[in-house]
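2 protein chains.
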Amino acid sequence: MLDALGDATRRSIFELLAAGPRSVAEIAADLPVSRPAVSQHLKVLKEARLVSSTAVGTRRVYALDPQGLAAVRGYFDQFWNHALAAFAQAVEQPPEETP
Amino acid sequence: MLDALGDATRRSIFELLAAGPRSVAEIAADLPVSRPAVSQHLKVLKEARLVSSTAVGTRRVYALDPQGLAAVRGYFDQFWNHALAAFAQAVEQPPEETP
DNA sequence: ATCATCGGAAAGTCTAGACTTACCGTTCGT
DNA sequence: ACGAACGGTAAGTCTAGACTTTCCGATGAT
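Quick note, the sequences are listed as chains A and B, same order. Counted from 1, the first sequence has number 140 at position 44 by our numbering; the numbering is strictly sequential. Counted from 1, the second sequence has number 162 at position 66 by our numbering; the numbering is strictly sequential.
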């Protein structure tokens, strides 16, 4: 997930889709990259369960995936809170030497 | 920030530091990369305000930066909630054609 | 004062992956 | 049925950046 959002172009796509569902060509039109590049990014975002697609005729409409979004958010919170908790505990206990 | 945590090695360093402050050499000892590589990653994490360092003699002890952490978390929440809000609104309004 | 340790900086290598063009397969319209 | 639009895949290029070794300045110990 953090890998998926670690790329600037993918973040742009993510934010574009936040404004509403769009087809691949429509997304590419708003970005300085080619359509196949967008296709490849969408694949990554889809594997991360951040977006989903539905076929409408010959078009493929992509949108944020609420279910996956919730799962991903849960993962991030866990990652983050785990770090914070461990850090808080480390602050309490003075670092002990190993003589 | 998402760029900083977009790298697996940096996430490892981040989680190591969550368990408590460590010197550069100590971090490198727990990772399959060289010490200068760790140094470079720490530089990125520091610029993202995820970690801070204090000089102790000739050693440099790195730790998570609570203040920066809070700021970074705030940025992420804003990024995320903005996306969710826009998405929720997009669901409400049926996509309008432009004839 | 000298020597050892620690870690940042510089310079160079090498690979992941972001991007391109070209090419199908599929679906819709006429 | 045929042509056009859409989008995924393949194959190849090219650059960012992750990593290495080498070097040097700074600090602490004897």
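All C-beta atoms, glycine included, are put in the ideal place defined by N, C-alpha and C.
Can you check which of these residues, the options, is closest to residue i by C-alpha distance?
| i | options | result |
| --- | --- | --- |
| A/Gln136 | A/Thr105, A/Gly153 and A/Val152 | A/Thr105 |
| A/Asp103 | A/Ala115, A/Gly116, A/Ala121 and A/Leu141 | A/Leu141 |
| B/Arg169 | B/Ala144, B/Ala184, B/Ala159 and B/Val152 | B/Ala144 |
| A/Val209 | B/Ala125, B/Leu180, B/Met97 and B/Ser108 | What is shown of chain A runs 97 to 195, which leaves residue 209 of chain A out entirely. |
| B/Val155 | B/Gly116, B/Leu101 and B/Val120 | The question names Val, but residue 155 of chain B is Arg in the sequence shown. Among B/Gly116, B/Leu101 and B/Val120, the Cα nearest to that of B/Arg155 is on B/Val120. |
| A/Lys139 | A/Tyr171, A/Ala114, A/Met97 and A/Ala186 | A/Met97 |
| A/Asp99 | A/Phe172, A/Pro162 and A/Val152 | A/Phe172 |
| A/Asn177 | B/Pro162, B/Ala151 and B/Asn177 | B/Pro162 |
| A/Val134 | A/Val152, A/Ala166 and A/Leu112 | A/Leu112 |
Less than 8 angstroms between the CB atoms is what I'm expecting for residue i and residue j, so what's the real figure, rounded?
| i | j | result |
| --- | --- | --- |
| A/Arg118 | A/Val157 | 7 angstroms |
| B/Leu127 | B/Ser108 | 6 angstroms |
| A/Ala186 | B/Ala125 | Not really, about 18 angstroms apart at Cβ, beyond 8 angstroms. |
| B/Leu160 | A/Phe183 | 5 angstroms |
For residue i, which beta-bridge partners are listed by DSSP?
| i | result |
| --- | --- |
| B/Tyr158 | B/Arg118 and B/Ser149 |
Could you check whether the Cβ of residue i sits closer than 8 angstroms to any heavy atom belonging to the ligand ADP?
| i | result |
| --- | --- |
| B/Pro117 | By its list of ligands, the structure shown contains no ligand whatsoever, and the ligand ADP lies outside what it can speak to. |
Short-range partners of chain B found in the segment 98 to 109 of chain A, where Cβ spacing is below 8 angstroms: Near chain B, meaning a CB-to-CB distance below 8 angstroms, the residues of the segment 98 to 109 of chain A are Leu98, Asp99, Leu101, Gly102, Asp103, Ala104 and Arg107.
Please name the residues in the segment 141 to 168 of chain A whose beta-carbon is closer than 7 angstroms to at least one beta-carbon of chain B, in chain order. Per Cβ criterion, the list reads Leu160.
Interfacial residues, the segment 115 to 131 of chain B to chain A, with Cβ spacing under 8 angstroms: Of all residues in the segment 115 to 131 of chain B, only Ala115, Gly116 and Pro117 place a beta-carbon less than 8 angstroms from a beta-carbon of chain A.
Near-chain B residues of the segment 168 to 182 of chain A (beta-carbon distance less than 9 angstroms), N- to C-terminal order: Correct list: Arg169, Phe172, Phe175, Trp176, His178, Ala179, Leu180, Ala181 and Ala182.
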